[in-house]
């Protein structure tokens, strides 16, 4: 299929605004993932404030076996308490499908998360994958995540760390 060359003079203000919204939404989602990774080694007030800045005050987070968390304070408290147990993390987000509808948006994207811990027998690894389905709202400070749903599809956890962290987790 031949690609169509775009003439910038033909791009409407509405189309340009949509493209900018999609870029801003992708940025806040990736910033959230990056800060979650930072939380694995730094749960300082400054880092948690950066995480909070990606979210609305009434955010709802459904992390499956990681529980349902309603409100910004509840989610930040969960991250602060659980991050040290999660090991060093690296979240990779890809394949963003973003639907913008005025001042709200819905984003579906893939995630692969690697967790690693040191043990007496050397490093332990957990690799998990799935999708996020997030809702976002435009605020006075830009796009913020208002609802997060993690749909876990697989995990490779040969050492059983996931079951240790979340006893209700399915085996790998």
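In our numbering, the protein residues as written are 10 to 181. All C-beta atoms, glycine included, are put in the ideal place defined by N, C-alpha and C.
Suppose the cutoff is 6 Å on Cβ atoms and the five residues either side in sequence are ignored; what does the same chain contact list for residue 52 look like?
Position 43 of the chain shown holds residue 52. Around residue 52: 89, 92.
For the candidate residues 152, 104, 94, whose alpha-carbon lies nearest to that of residue 114?
Working through the chain shown from its first residue, we reach residue 114 at position 105. Among 152, 104, 94, the Cα nearest to that of residue 114 is on 152.
Just to confirm the assignment, what range does the beta strand (DSSP E) spanning residue 142 have?
By one-based count along the chain shown, residue 142 stands at place 133. Per DSSP, residue 142 belongs to the beta strand (DSSP E) from 131-148.
Take residue 99 and list the residues in its own chain whose beta-carbon comes closer than 8 Å to its own, dropping the five residues that flank it on each side.
One-based indexing of the chain shown puts residue 99 at position 90. Within the same chain, residue 99 has close Cβ partners 46, 122, 123.
Nearest by alpha-carbon distance to residue 49: which of 21, 74, 97, 159 is it?
Here residue 49 is taken as the residue at index 40 of the chain shown, counted from 1. It is 97.
I need the straight-line Cα distance from residue 129 to residue 171, nearest angstrom please.
Locating residue 129 in the chain shown gives position 120, where the first residue counts as 1. Locating residue 171 in the chain shown gives position 162, where the first residue counts as 1. For residue 129 and residue 171, the distance between alpha carbons rounds to 18 Å.
With DSSP as the reference, label residue 125 as helix, strand or coil.
Position 116 of the chain shown, counted from the first residue, corresponds to residue 125. Strand, per DSSP.
Can the beta-carbon of residue 71 be found closer than 9 Å to that of residue 158?
Position 62 of the chain shown, counted from the start, is the residue given in the question as residue 71. Position 149 of the chain shown, counted from the start, is the residue given in the question as residue 158. It is a contact, given that the beta carbons lie within the stated cut-off.
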